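K.L.:
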Amino acid sequence: MTPPDVPRRLGTRRAPSDRVFRGAVRGGGVLVLAIMSCVGIFLLVRAWQALRVAGLGFLTTQSWEPDSGSFGIAAVLVGTVLIALVAVSVALPLSLGTSLYISEYAPVRLRRGLVTLVDLMAAVPSVVFGLWGVFYLQGHLTDVARWISTVFAWFPPLSVQGADPADPLSPVTLYTSSTFVAGLVVAFMITPIMTSIMREVFMQAPVGEREGALALGSTRWGMVRSVVLPYGVGGIVGGTMLGLGRALGETIAIYMIISPVFTVQWHVLQNGANSVSSLIALRYGEASPFGMSALMAAGLALFLLTLAVNFGASSIVARSRSGAHS
(Lines of atoms letter the chains of each structure in order from A; the text may use other names.)
(Lines give C-alpha, C1' and ligand atoms only; values in the text may rest on other atoms or scores of the structure.)
Protein backbone atom coordinates (compact mmCIF):
# COMPACT_ATOMS: atom_id res chain seq x y z
CA MET A 1 0.00 0.00 0.00
CA THR A 2 1.39 3.39 -1.01
CA PRO A 3 1.80 5.78 1.94
CA PRO A 4 -0.17 9.03 1.69
CA ASP A 5 1.62 12.10 0.43
CA VAL A 6 2.92 14.25 3.25
CA PRO A 7 4.15 17.82 2.66
CA ARG A 8 7.83 18.13 3.23
CA ARG A 9 8.90 20.64 5.79
CA LEU A 10 11.24 23.30 4.54
CA GLY A 11 13.62 24.85 7.01
CA THR A 12 15.86 27.84 6.71
CA ARG A 13 19.33 27.46 8.07
CA ARG A 14 20.61 30.88 8.95
CA ALA A 15 24.24 31.73 8.72
CA PRO A 16 26.07 32.60 11.98
CA SER A 17 26.35 36.23 10.89
CA ASP A 18 22.56 36.41 10.44
CA ARG A 19 21.96 34.93 13.88
CA VAL A 20 24.38 37.39 15.46
CA PHE A 21 22.73 40.30 13.67
CA ARG A 22 19.22 39.24 14.68
CA GLY A 23 20.33 38.81 18.26
CA ALA A 24 22.03 42.21 18.34
CA VAL A 25 19.01 43.99 16.86
CA ARG A 26 16.59 42.22 19.19
CA GLY A 27 18.81 42.92 22.18
CA GLY A 28 19.05 46.61 21.24
CA GLY A 29 15.27 46.90 20.99
CA VAL A 30 14.74 45.18 24.33
CA LEU A 31 17.42 47.36 25.94
CA VAL A 32 15.75 50.57 24.73
CA LEU A 33 12.38 49.44 26.07
CA ALA A 34 13.97 48.44 29.38
CA ILE A 35 15.67 51.82 29.76
CA MET A 36 12.46 53.69 28.99
CA SER A 37 10.57 51.54 31.48
CA CYS A 38 13.21 52.16 34.15
CA VAL A 39 13.00 55.92 33.58
CA GLY A 40 9.22 55.87 33.92
CA ILE A 41 9.31 53.69 37.04
CA PHE A 42 11.99 55.90 38.63
CA LEU A 43 9.96 59.05 38.03
CA LEU A 44 6.79 57.42 39.33
CA VAL A 45 8.45 56.20 42.52
CA ARG A 46 10.06 59.57 43.24
CA ALA A 47 6.85 61.46 42.40
CA TRP A 48 4.47 59.22 44.31
CA GLN A 49 4.62 61.27 47.52
CA ALA A 50 3.60 64.47 45.75
CA LEU A 51 0.98 62.77 43.59
CA ARG A 52 -0.61 61.19 46.65
CA VAL A 53 -0.94 64.61 48.31
CA ALA A 54 -2.08 66.56 45.24
CA GLY A 55 -4.33 63.95 43.65
CA LEU A 56 -6.14 65.00 40.48
CA GLY A 57 -5.63 68.62 41.49
CA PHE A 58 -2.07 68.25 40.23
CA LEU A 59 -3.42 68.61 36.69
CA THR A 60 -5.76 71.55 37.42
CA THR A 61 -3.86 73.72 39.93
CA GLN A 62 -1.95 76.66 38.45
CA SER A 63 0.20 77.80 41.39
CA TRP A 64 3.44 76.09 42.37
CA GLU A 65 3.90 76.11 46.15
CA PRO A 66 4.66 72.50 47.11
CA ASP A 67 5.63 73.24 50.70
CA SER A 68 2.24 74.87 51.35
CA GLY A 69 0.33 72.06 49.66
CA SER A 70 -0.88 74.10 46.66
CA PHE A 71 0.88 73.01 43.51
CA GLY A 72 0.04 71.76 40.05
CA ILE A 73 1.15 71.82 36.42
CA ALA A 74 -1.88 73.39 34.73
CA ALA A 75 -0.06 76.65 33.98
CA VAL A 76 3.31 75.19 33.04
CA LEU A 77 1.74 72.43 30.94
CA VAL A 78 -0.29 74.92 28.91
CA GLY A 79 2.83 77.06 28.49
CA THR A 80 4.82 74.04 27.31
CA VAL A 81 2.23 73.15 24.70
CA LEU A 82 1.87 76.74 23.46
CA ILE A 83 5.64 77.22 23.07
CA ALA A 84 5.88 73.92 21.19
CA LEU A 85 2.97 74.82 18.91
CA VAL A 86 4.48 78.21 18.08
CA ALA A 87 7.81 76.52 17.35
CA VAL A 88 6.31 73.86 15.08
CA SER A 89 4.10 76.38 13.27
CA VAL A 90 7.20 78.36 12.30
CA ALA A 91 9.60 75.45 11.78
CA LEU A 92 7.34 73.34 9.54
CA PRO A 93 7.18 75.69 6.52
CA LEU A 94 10.87 76.57 6.94
CA SER A 95 11.89 72.92 7.06
CA LEU A 96 9.62 71.90 4.20
CA GLY A 97 10.83 74.69 1.93
CA THR A 98 14.50 74.17 2.79
CA SER A 99 14.37 70.41 2.30
CA LEU A 100 12.57 70.75 -1.05
CA TYR A 101 15.08 73.31 -2.27
CA ILE A 102 18.05 71.15 -1.28
CA SER A 103 16.65 67.95 -2.76
CA GLU A 104 14.95 69.30 -5.90
CA TYR A 105 16.23 72.72 -6.93
CA ALA A 106 19.74 73.34 -5.57
CA PRO A 107 22.70 72.71 -7.94
CA VAL A 108 24.72 69.60 -7.09
CA ARG A 109 27.79 71.59 -6.00
CA LEU A 110 25.74 73.82 -3.74
CA ARG A 111 23.67 70.92 -2.39
CA ARG A 112 26.57 69.31 -0.55
CA GLY A 113 27.45 72.55 1.21
CA LEU A 114 23.84 73.17 2.21
CA VAL A 115 23.48 69.66 3.62
CA THR A 116 26.63 70.11 5.70
CA LEU A 117 25.49 73.53 6.89
CA VAL A 118 22.07 72.26 7.98
CA ASP A 119 23.63 69.31 9.81
CA LEU A 120 26.05 71.64 11.59
CA MET A 121 23.20 73.88 12.71
CA ALA A 122 21.62 70.89 14.44
CA ALA A 123 24.79 70.56 16.56
CA VAL A 124 24.72 74.13 17.92
CA PRO A 125 24.20 74.02 21.73
CA SER A 126 20.84 75.25 22.97
CA VAL A 127 22.49 77.77 25.29
CA VAL A 128 23.87 79.56 22.22
CA PHE A 129 20.36 79.87 20.79
CA GLY A 130 19.19 81.12 24.17
CA LEU A 131 21.85 83.85 24.30
CA TRP A 132 21.05 84.87 20.73
CA GLY A 133 17.35 85.02 21.55
CA VAL A 134 17.86 87.11 24.71
CA PHE A 135 20.38 89.65 23.43
CA TYR A 136 19.43 89.98 19.74
CA LEU A 137 16.18 88.40 18.61
CA GLN A 138 14.00 89.62 21.46
CA GLY A 139 14.86 93.29 20.91
CA HIS A 140 14.18 93.07 17.17
CA LEU A 141 10.86 91.27 17.59
CA THR A 142 9.21 93.93 19.73
CA ASP A 143 7.83 95.90 16.78
CA VAL A 144 6.72 92.70 15.07
CA ALA A 145 4.85 91.55 18.17
CA ARG A 146 3.27 95.00 18.54
CA TRP A 147 2.09 94.95 14.91
CA ILE A 148 0.64 91.45 15.21
CA SER A 149 -1.18 92.32 18.43
CA THR A 150 -2.60 95.47 16.81
CA VAL A 151 -3.80 93.87 13.58
CA PHE A 152 -5.03 90.60 15.08
CA ALA A 153 -6.28 91.89 18.43
CA TRP A 154 -9.68 90.39 17.64
CA PHE A 155 -8.12 86.92 18.13
CA PRO A 156 -7.71 86.50 21.93
CA PRO A 157 -4.40 84.52 21.92
CA LEU A 158 -2.77 87.30 19.85
CA SER A 159 -4.04 90.21 21.95
CA VAL A 160 -1.95 91.87 24.66
CA GLN A 161 -3.63 93.03 27.83
CA GLY A 162 -2.76 96.58 28.88
CA ALA A 163 -1.33 97.57 25.50
CA ASP A 164 -2.60 100.68 23.73
CA PRO A 165 -2.12 100.39 19.94
CA ALA A 166 -2.68 104.13 19.55
CA ASP A 167 0.19 104.97 21.89
CA PRO A 168 3.58 104.50 20.20
CA LEU A 169 5.28 105.04 23.57
CA SER A 170 3.56 102.16 25.32
CA PRO A 171 6.10 100.05 27.26
CA VAL A 172 7.92 97.47 25.19
CA THR A 173 8.27 95.20 28.22
CA LEU A 174 4.74 94.00 27.53
CA TYR A 175 6.10 92.13 24.48
CA THR A 176 9.33 90.69 25.87
CA SER A 177 9.99 87.30 27.52
CA SER A 178 6.87 85.93 25.88
CA THR A 179 5.71 82.63 24.51
CA PHE A 180 6.17 84.06 21.02
CA VAL A 181 9.87 84.83 21.49
CA ALA A 182 10.58 81.50 23.17
CA GLY A 183 8.69 79.64 20.45
CA LEU A 184 10.67 81.35 17.68
CA VAL A 185 13.99 80.46 19.30
CA VAL A 186 12.91 76.84 19.71
CA ALA A 187 11.69 76.87 16.08
CA PHE A 188 15.19 77.72 14.85
CA MET A 189 16.54 74.91 17.04
CA ILE A 190 14.27 72.19 15.68
CA THR A 191 14.32 73.33 12.02
CA PRO A 192 17.65 71.59 11.16
CA ILE A 193 16.44 68.26 12.57
CA MET A 194 13.15 68.40 10.71
CA THR A 195 14.91 69.52 7.52
CA SER A 196 17.36 66.61 7.62
CA ILE A 197 14.60 64.03 7.99
CA MET A 198 12.41 65.50 5.25
CA ARG A 199 15.35 65.93 2.88
CA GLU A 200 16.41 62.29 3.21
CA VAL A 201 12.87 61.09 2.46
CA PHE A 202 12.40 63.43 -0.49
CA MET A 203 15.67 62.34 -2.08
CA GLN A 204 14.51 58.71 -1.97
CA ALA A 205 11.49 59.37 -4.20
CA PRO A 206 11.59 56.93 -7.18
CA VAL A 207 13.61 58.26 -10.08
CA GLY A 208 11.37 56.49 -12.59
CA GLU A 209 8.28 58.29 -11.38
CA ARG A 210 10.12 61.62 -11.37
CA GLU A 211 11.23 61.15 -14.98
CA GLY A 212 7.82 59.84 -15.98
CA ALA A 213 6.09 62.94 -14.66
CA LEU A 214 8.57 65.21 -16.45
CA ALA A 215 8.26 63.19 -19.66
CA LEU A 216 4.49 63.68 -19.62
CA GLY A 217 5.01 67.43 -19.68
CA SER A 218 4.86 68.21 -15.98
CA THR A 219 6.72 71.22 -14.64
CA ARG A 220 9.28 70.85 -11.87
CA TRP A 221 6.74 71.99 -9.27
CA GLY A 222 4.11 69.70 -10.78
CA MET A 223 6.50 66.75 -10.42
CA VAL A 224 7.24 67.71 -6.82
CA ARG A 225 3.56 68.05 -6.03
CA SER A 226 2.48 64.79 -7.68
CA VAL A 227 5.47 62.55 -6.88
CA VAL A 228 7.83 63.87 -4.22
CA LEU A 229 5.35 65.24 -1.69
CA PRO A 230 3.01 62.19 -1.72
CA TYR A 231 6.04 59.94 -1.37
CA GLY A 232 7.38 61.98 1.56
CA VAL A 233 4.20 62.25 3.64
CA GLY A 234 5.58 59.86 6.23
CA GLY A 235 8.84 61.81 6.44
CA ILE A 236 7.00 65.12 6.84
CA VAL A 237 4.85 63.76 9.66
CA GLY A 238 7.73 61.96 11.32
CA GLY A 239 10.06 64.98 11.15
CA THR A 240 7.34 67.29 12.46
CA MET A 241 6.55 65.03 15.40
CA LEU A 242 10.23 64.60 16.20
CA GLY A 243 10.60 68.38 16.22
CA LEU A 244 7.52 68.67 18.42
CA GLY A 245 9.01 66.22 20.90
CA ARG A 246 12.24 68.23 20.97
CA ALA A 247 10.29 71.46 21.47
CA LEU A 248 8.31 70.01 24.38
CA GLY A 249 11.48 69.06 26.23
CA GLU A 250 13.66 72.11 25.51
CA THR A 251 14.97 73.66 28.74
CA ILE A 252 17.92 76.05 28.70
CA ALA A 253 16.90 78.32 25.83
CA ILE A 254 13.37 78.73 27.20
CA TYR A 255 14.67 79.20 30.74
CA MET A 256 16.91 82.07 29.58
CA ILE A 257 14.17 83.89 27.66
CA ILE A 258 10.88 83.63 29.53
CA SER A 259 9.66 85.52 32.57
CA PRO A 260 8.09 82.71 34.67
CA VAL A 261 4.44 83.10 35.63
CA PHE A 262 2.28 80.51 37.36
CA THR A 263 -1.02 81.37 35.77
CA VAL A 264 -2.38 80.08 32.47
CA GLN A 265 -1.06 82.57 29.92
CA TRP A 266 -3.06 82.26 26.71
CA HIS A 267 -1.69 85.51 25.24
CA VAL A 268 1.36 84.29 23.32
CA LEU A 269 2.65 87.81 22.56
CA GLN A 270 2.45 89.07 26.13
CA ASN A 271 5.19 89.07 28.73
CA GLY A 272 5.22 85.97 30.90
CA ALA A 273 5.34 82.28 30.07
CA ASN A 274 6.46 79.01 31.57
CA SER A 275 7.18 75.38 30.74
CA VAL A 276 7.62 72.14 32.62
CA SER A 277 11.31 71.79 31.82
CA SER A 278 12.13 75.38 32.78
CA LEU A 279 10.18 74.94 36.02
CA ILE A 280 12.37 72.00 36.94
CA ALA A 281 15.53 73.94 36.10
CA LEU A 282 14.30 76.98 38.05
CA ARG A 283 13.27 75.20 41.27
CA TYR A 284 15.64 72.23 41.37
CA GLY A 285 18.41 73.87 43.40
CA GLU A 286 16.16 75.23 46.16
CA ALA A 287 13.62 72.42 46.39
CA SER A 288 12.86 70.68 49.68
CA PRO A 289 12.48 66.88 49.73
CA PHE A 290 8.75 67.23 49.14
CA GLY A 291 9.36 69.92 46.51
CA MET A 292 11.75 67.55 44.76
CA SER A 293 9.00 64.94 44.66
CA ALA A 294 6.68 67.53 43.10
CA LEU A 295 9.31 68.32 40.46
CA MET A 296 9.62 64.61 39.73
CA ALA A 297 5.85 64.52 39.23
CA ALA A 298 6.14 67.39 36.75
CA GLY A 299 8.91 65.49 34.96
CA LEU A 300 6.72 62.39 34.86
CA ALA A 301 3.92 64.39 33.23
CA LEU A 302 6.33 65.71 30.60
CA PHE A 303 7.67 62.19 30.03
CA LEU A 304 4.16 60.81 29.45
CA LEU A 305 3.26 63.74 27.18
CA THR A 306 6.34 63.12 25.04
CA LEU A 307 5.54 59.41 24.83
CA ALA A 308 1.99 60.21 23.76
CA VAL A 309 3.27 62.51 21.00
CA ASN A 310 5.72 59.86 19.76
CA PHE A 311 3.09 57.10 19.78
CA GLY A 312 0.70 59.39 17.91
CA ALA A 313 3.40 60.11 15.36
CA SER A 314 4.09 56.40 14.92
CA SER A 315 0.43 55.65 14.27
CA ILE A 316 0.13 58.50 11.75
CA VAL A 317 3.30 57.46 9.92
CA ALA A 318 2.10 53.83 9.84
CA ARG A 319 -1.10 54.94 8.11
CA SER A 320 0.69 57.19 5.65
CA ARG A 321 3.77 55.27 4.56
CA SER A 322 6.04 57.14 2.18
CA GLY A 323 5.08 56.32 -1.38
CA ALA A 324 1.63 55.02 -0.55
CA HIS A 325 -0.06 57.57 -2.84
CA SER A 326 2.74 57.86 -5.38
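Numbering of the sequence shown is given in the working numbering, commencing with residue 1 and proceeding in unit increments.
Built from N, CA and C at the ideal position, the CB exists for glycine as well.
Given the structure is predicted, the values throughout are model-derived calculations rather than measurements.
Does the segment 292-310 come close enough to the segment 35-44 to have 3 or more Cβ pairs within less than 8 angstroms?
P.N.:
The segment 292-310 vs the segment 35-44: in contact.
K.L.:
Unbroken beta strand (DSSP E) runs of length 3 or more, entirely within the segment 88-115: which are they?
P.N.:
none
K.L.:
Is residue 310 helix, strand or coil by DSSP?
P.N.:
As a working note, residue 310 is residue 310 in the sequence shown. Residue state, collapsed to three classes: helix.
K.L.:
Any idea if residue 55 is buried or exposed, counting beta-carbon neighbours within 10 angstroms, 16 or more meaning buried?
P.N.:
For the purposes of this step, residue 55 is taken as residue 55 along the sequence shown, with counting starting at 1. Classification for residue 55: exposed.
K.L.:
Excluding sequence positions up to five away, which residues of its chain have a Cβ less than 8 angstroms from the Cβ of residue 156?
P.N.:
In the sequence shown, counting from the first residue as 1, residue 156 sits at position 156. Cβ neighbours of residue 156 beyond the five flanking positions: 266, 267.
K.L.:
On a CA-only basis, which of 315, 259, 66, 26 is nearest residue 289? Give me that one, please.
P.N.:
What you label residue 289 is simply residue 289 of the sequence shown in a count that begins at 1. The shortest Cα separation from residue 289 among 315, 259, 66, 26 belongs to 66.
K.L.:
Taking buried to mean at least 16 other C-beta atoms within 10 Å of its own C-beta, is residue 173 buried or exposed?
P.N.:
As a working note, residue 173 is residue 173 in the sequence shown. Flag for residue 173 reads exposed.
K.L.:
Taking only the alpha-carbon atoms, compute the straight-line gap between residue 117 and residue 238 and give it to the nearest angstrom.
P.N.:
On the sequence shown, position 117 is the one that residue 117 refers to. On the sequence shown, position 238 is the one that residue 238 refers to. Rounded to the nearest angstrom, the two C-alpha atoms are 22 angstroms apart.
K.L.:
Expressed to the nearest angstrom, what Euclidean distance is found between the alpha-carbon atoms of residue 22 and residue 35?
P.N.:
Here the question's residue 22 lines up with position 22 in the sequence shown. Here the question's residue 35 lines up with position 35 in the sequence shown. It is roughly 20 angstroms from the alpha-carbon of residue 22 to the alpha-carbon of residue 35.
K.L.:
Find the nearest neighbour of residue 226 within the set 284, 210, 190, 241, judged by alpha-carbon distance.
P.N.:
Position 226 of the sequence shown, counting from 1, holds the residue named residue 226. The candidate whose alpha carbon is nearest that of residue 226 is 210.
K.L.:
Tell me which same chain residues have a C-beta within less than 8 angstroms of the C-beta of residue 137, skipping the five on either side of it?
P.N.:
Position 137 of the sequence shown holds residue 137. Here the set comprises 181, 184, 185.
K.L.:
For residue 145, which of helix, strand or coil comes out of DSSP?
P.N.:
Locating residue 145 in the sequence shown gives position 145, counting from the first residue. It is helical.
K.L.:
Does DSSP put residue 346 in a helix, in a strand, or in coil?
P.N.:
The structure shown does not extend to residue 346, since the chain is modelled only from 1 through 326, so no value can be given for it.
K.L.:
Quick check on the burial criterion: 16 or more other C-beta atoms within 10 angstroms. Buried or exposed for residue 247?
P.N.:
Reading the sequence shown from its first residue, position 247 is the one you call residue 247. Counting Cβ neighbours within 10 Å, residue 247 comes out buried, since at least 16 surround it.
K.L.:
What's the gap between the Cα of residue 313 and the Cα of residue 232?
P.N.:
On the sequence shown, residue 313 is found 313 positions in, with the first residue counted as 1. On the sequence shown, residue 232 is found 232 positions in, with the first residue counted as 1. Each residue's alpha carbon lies about 14 angstroms from the other.
K.L.:
Determine, using beta carbons only, whether residue 95 and residue 189 come nearer to each other than 8 angstroms.
P.N.:
Taking the first residue of the sequence shown as position 1, residue 95 is located at position 95. Taking the first residue of the sequence shown as position 1, residue 189 is located at position 189. In this structure, residue 189 does not lie closer than 8 angstroms to residue 95 by Cβ.
K.L.:
Only counting the same chain, and skipping five residues up and downstream in sequence, which positions put a Cβ closer than 7 angstroms to that of residue 79?
P.N.:
For the purposes of this step, residue 79 is taken as the residue at position 79 of the sequence shown. Within the same chain, residue 79 has close Cβ partners 179, 265, 273, 274, 275.
K.L.:
Are the CB atoms of residue 122 and residue 243 nearer to each other than 8 angstroms?
P.N.:
For the purposes of this step, residue 122 is taken as the residue at position 122 of the sequence shown. For the purposes of this step, residue 243 is taken as the residue at position 243 of the sequence shown. Not a contact, by the Cβ cut-off of 8 angstroms.
K.L.:
Could you check the C-alpha separation between residue 97 and residue 218 for me, to the nearest Å?
P.N.:
Within the sequence shown, the letter at position 97 stands for residue 97. Within the sequence shown, the letter at position 218 stands for residue 218. Approximately 20 angstroms, taken between the alpha carbons.
K.L.:
Please go through the same chain and pick out, in chain order, the residues whose beta-carbon is closer than 7 angstroms to the beta-carbon of residue 102, but skip the five residues on each side of it.
P.N.:
To locate residue 102, count along the sequence shown from 1; it is residue 102. Within the same chain, residue 102 has close Cβ partners 111, 114, 115, 199.
K.L.:
With residue 202 as the anchor, note down where its alpha helix (DSSP H) starts and where it stops.
P.N.:
Start at 1 with the first residue of the sequence shown, and residue 202 comes out as number 202. Start and end: 179-203.
K.L.:
The alpha helix (DSSP H) with residue 286 in it runs from where to where?
P.N.:
Here residue 286 refers to the residue found at position 286 of the sequence shown. For residue 286, there is no enclosing alpha helix (DSSP H), since its DSSP letter is neither H nor E.
K.L.:
Helix, strand or coil for residue 260 per DSSP?
P.N.:
Looking up residue 260 in the sequence shown gives position 260. If DSSP states are grouped into helix, strand and coil, residue 260 belongs with the strands.
K.L.:
From the DSSP output, which residues share a beta bridge with residue 71?
P.N.:
Translated into positions along the sequence shown, residue 71 becomes position 71. Note: residue 71 sits in a beta bridge opposite 64.
K.L.:
Give me the residue from 125, 270, 88, 251 with the minimum Cα distance to residue 194.
P.N.:
Position 194 of the sequence shown, counting from 1, holds the residue named residue 194. Measuring from the Cα of residue 194, the nearest candidate turns out to be 88.
K.L.:
With distances taken Cα to Cα, identify the nearest neighbour of residue 84 among 241, 311, 282.
P.N.:
As a working mapping, residue 84 is identified with position 84 in the sequence shown. If we check each option's Cα against that of residue 84, 241 comes out closest.
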